[in-house]
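S.K.: In this note's numbering, the protein residues as written are 956 to 1453.
Built from N, CA and C at the ideal position, the CB exists for glycine as well.
Everything numeric in this text was worked out from a predicted model, so none of it was measured.
1) Just mark residue 1388 as buried or exposed, buried being the case when its beta carbon has 16 or more other beta carbons within 10 Å.
2) On a Cα-Cα basis, can you pick out the residue from 1020, 1030, 1320 and 1167 that is closest to residue 1006?
3) Taking the alpha-carbon positions, what's the residue 1351 to residue 1290 distance?
4) Report yes if the C-beta distance between residue 1062 and residue 1110 is below 8 angstroms; otherwise report no.
5) What separation, rounded to the nearest whole angstrom, lies between the Cα atoms of residue 1306 and residue 1226?
6) Let me make sure I understand the geometry here. Which of 1251, 1270, 1411 and 1320 has the alpha-carbon closest to that of residue 1129?
7) Could you tell me whether the stretch 1167-1183 touches the stretch 1281-1297, where touching means 3 or more Cβ pairs closer than 8 angstroms?
8) For residue 1310 versus residue 1247, is the C-beta distance shorter than 8 angstroms?
9) Check whether chain B comes within 8 angstroms of residue 1146, counting only Cβ atoms and requiring the distance to be less than that.
10) Taking 8 angstroms as the threshold (C-beta atoms), are residue 1032 and residue 1040 in contact?
11) Could you spell out the range, first to last residue, of the alpha helix (DSSP H) harbouring residue 1019?
12) With C-beta atoms as the reference, is residue 1141 less than 8 angstroms away from residue 1080?
13) Spatial neighbours of residue 1136 within its chain, please: C-beta separation below 7 angstroms, excluding the five flanking residues on both sides.
14) Can you list the beta strand (DSSP E) stretches of 3 or more residues lying completely in the stretch 1338-1423, in chain order?
15) Taking the straight line between their C-alpha atoms, what separation do you get for residue 1358 and residue 1400?
16) Among 1416, 996 and 969, which has the Cα closest to the Cα of residue 1105?
17) If you scan the stretch 1215-1256 from start to end, which runs of the beta strand (DSSP E) of 3 or more residues do you find wholly inside it?
18) Taking 8 angstroms as the cut-off, decide whether the C-beta atoms of residue 1446 and residue 1348 are in contact.
19) Relative to the alpha-carbon of residue 1299, which residue among 1313, 1286, 1275 and 1267 has its alpha-carbon at the smallest distance?
20) Decide if residue 1336 is buried, meaning its Cβ has at least 16 other Cβ atoms within 10 Å, or exposed.
21) Checking 8 angstroms against the spacing of the C-beta atoms, do residue 1069 and residue 1117 come in under that value?
22) Can you grab the Cα-Cα spacing for the pair residue 1074 / residue 1245, in whole Å?
23) Within the chosen definition, does the stretch 1158-1171 reach the stretch 1280-1287 through at least 3 CB pairs nearer than 8 angstroms?
24) At 4 residues or longer, and completely inside the stretch 1139-1192: list those alpha helix (DSSP H) runs for me, N to C.
25) Starting from residue 992 and walking both ways along the beta strand (DSSP E), at which residues does that stretch end?
26) Between residue 1414 and residue 1426, what straight-line distance do the alpha-carbon atoms span, to the nearest angstrom?
27) For residue 1200, does the three-state DSSP call read helix, strand or coil?
28) Which residues in the same chain have their Cβ closer than 7 angstroms to the Cβ of residue 1385, if we skip the five residues on either side of it in sequence?
29) Measure the alpha-carbon distance for residue 1364 versus residue 1392 and round it to whole angstroms.
30) Let me check understanding here. Comparing Cα to Cα, which of 1333, 1151, 1158 and 1107 lies closest to residue 962?
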């Protein structure tokens, strides 16, 4: 798909798309038809029932030939309630809703002032909406694929600002799509070794990225007892992936840790059938780390970024770890296994301890499809955030507001640590009670941080996989946290040194 700024002279070969609020005031845009023709087309749309409701789409044959054969109107909803993130959602929904692909679509952006954003930012939002909304995982569909777009041009935006916004929007969207593809692919393809090879490919493409792979033998030799313990029952051996992006003169370090359970059967505590169907998504945290790294060399943030992925497959086998087993983690702390289906926190424990000891990051953030409790509490649209630092939580909330990936901060209730106490080991991986499950999972991870002061944990169990299309989200893997983390990385005010 070619995405650019509309700089040509209007002709009938173009198809115009206008965004309209519920007040149904025709947009006045130079270079796309003329004001009278646009008003006539909008009047016709009103007659056919168009009301400008959010994500409402109508295609009309305009009375005036000056606008070509067809005109598209897309509703933005009430102007008072409109937000920049609304525009991204509406754009994605519109691209999904259209039943035809004109070869030259001119998307007329709404007034930047009306949405309280810069023209550059508006072009970025439009680009993200277009690319994410038209995404489809179709590599296994024979014949009937998704409709294909050729040329989309953004109008009503200054050329330089538009081009800058398109470039950044494409990088952000393609990084999320990179993660979506990994999550949507089958677990028989996406094994721990496959993730390691993806990391190697990223390092081969970009000189600023380094990669190191710890194979099964190394995991045993260097006492990664959590990662090895969870993965030892699979025919696909576990591994630990370490990525580093190091720009010149970087003075601060961010560590990103992504849970990489490439398939979670539950282990000996095997899951019911309905829960197994989407368990290839249990590596969504790892996919997010790889998605972020696919964009770093293009965006060039001014900080060092470390990516850590503990990769295992949790399967049932004669060599699988069992309830009642004890695992010695990389930190030296021991875990009593009470439930083999609470495996993600065990492999993350190794990765978090390694990250703190070897990289001494200023900030460490993990992403994991960790608990069903987070999904039950917040549903499919909102991810849970835990953090030991209020300023970090606020910065991530602001990044979330910019990305449109909603989050809600939950408490690290220290009294709940009582439920994780073991009579036989330093800690047990799952309590006997189910209440407060998301908090228990976060507290378990915090136990292995070795008092690191600035940590955040995204529990994305409810949002990593979507069961339906909505806005710019497509059914399947969502690529969640990728754009939030990129927004966070690109906020230079956070990484300035005094």
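M.R.: Reading off the structure:
1) Start at 1 with the first residue of the chain shown, and residue 1388 comes out as number 433. Label assigned to residue 1388: exposed.
2) Counted from its first residue, the chain shown places residue 1006 at position 51. The residue with the shortest Cα to Cα distance from residue 1006 is 1030.
3) For the purposes of this step, residue 1351 is taken as the residue at position 396 of the chain shown. For the purposes of this step, residue 1290 is taken as the residue at position 335 of the chain shown. Taking the straight line joining both Cα atoms gives about 31 angstroms.
4) Position 107 of the chain shown, counted from the first residue, corresponds to residue 1062. Position 155 of the chain shown, counted from the first residue, corresponds to residue 1110. It is a contact, given that the beta carbons lie within the stated cut-off.
5) As a working note, residue 1306 is residue 351 in the chain shown. As a working note, residue 1226 is residue 271 in the chain shown. So the two alpha carbons sit approximately 25 angstroms from each other.
6) Start at 1 with the first residue of the chain shown, and residue 1129 comes out as number 174. When each option's Cα is compared against that of residue 1129, the closest is 1251.
7) yes
8) Numbered from its first residue, the chain shown carries residue 1310 at position 355. Numbered from its first residue, the chain shown carries residue 1247 at position 292. No. Outside cutoff.
9) Of the protein chains in this structure there is only one, and it is not chain B.
10) The residue given as residue 1040 occupies position 85 in the chain shown. The residue given as residue 1032 occupies position 77 in the chain shown. Cβ atoms of residue 1040 and residue 1032: not closer than 8 angstroms.
11) Mapped onto the chain shown, residue 1019 falls at position 64. Unbroken run through residue 1019: none, as it is neither H nor E.
12) Position 186 of the chain shown holds residue 1141. Position 125 of the chain shown holds residue 1080. Result no, Cβ atoms of residue 1141 and residue 1080 do not sit closer than 8 angstroms.
13) For this step, residue 1136 is matched to residue 181 along the chain shown. Here the set comprises 1092.
14) As summarised for the stretch 1338-1423, the continuous beta strand (DSSP E) elements at least 3 residues long and confined to that stretch are 1338-1342, 1362-1364 and 1410-1414, given in chain order.
15) The residue you call residue 1358 lines up with position 403 of the chain shown. The residue you call residue 1400 lines up with position 445 of the chain shown. For residue 1358 and residue 1400, the distance between alpha carbons rounds to 26 angstroms.
16) As a first step, residue 1105 must be located in the chain shown, where it is residue number 150. Taking the Cα of residue 1105 as reference, the smallest distance to any Cα among 1416, 996 and 969 is reached at 969.
17) 1215-1219
18) In the chain shown, the residue the question calls residue 1446 occupies position 491. In the chain shown, the residue the question calls residue 1348 occupies position 393. Contact: no.
19) For the purposes of this step, residue 1299 is taken as residue 344 along the chain shown, with counting starting at 1. Minimum Cα distance to residue 1299 is reached at 1267.
20) Reading the chain shown from its first residue, position 381 is the one you call residue 1336. Classification for residue 1336: exposed.
21) Indexing the chain shown from 1 puts residue 1069 at position 114. Indexing the chain shown from 1 puts residue 1117 at position 162. Result no, Cβ atoms of residue 1069 and residue 1117 do not sit closer than 8 angstroms.
22) In the chain shown, residue 1074 corresponds to position 119, counting from 1. In the chain shown, residue 1245 corresponds to position 290, counting from 1. Near 30 angstroms, if we compare the C-alpha coordinates of residue 1245 and residue 1074.
23) no
24) Counting whole runs of 4 or more residues, the stretch 1139-1192 contains the alpha helix (DSSP H) stretches 1147-1160, 1171-1176 and 1180-1186.
25) Taking the chain shown and counting its residues from 1, the one referred to as residue 992 is at position 37. Residue range 990-1002 is occupied by the alpha helix (DSSP H) that includes residue 992, with no beta strand (DSSP E) assigned at that position.
26) Counting from one through the chain shown, the residue named residue 1414 turns up at place 459. Counting from one through the chain shown, the residue named residue 1426 turns up at place 471. In a straight line, the C-alpha of residue 1414 is about 22 angstroms away from that of residue 1426.
27) Reading the chain shown from its first residue, position 245 is the one you call residue 1200. Strand.
28) For the purposes of this step, residue 1385 is identified with residue 430 of the chain shown, where counting begins at 1. Answer for residue 1385: 1293, 1294 and 1297, listed in chain order.
29) Indexing the chain shown from 1 puts residue 1364 at position 409. Indexing the chain shown from 1 puts residue 1392 at position 437. Residue 1364 and residue 1392: Cα-Cα distance of roughly 15 angstroms.
30) The count along the chain shown starts at 1 and reaches residue 962 at position 7. That would be 1107, whose Cα lies nearest to the Cα of residue 962.
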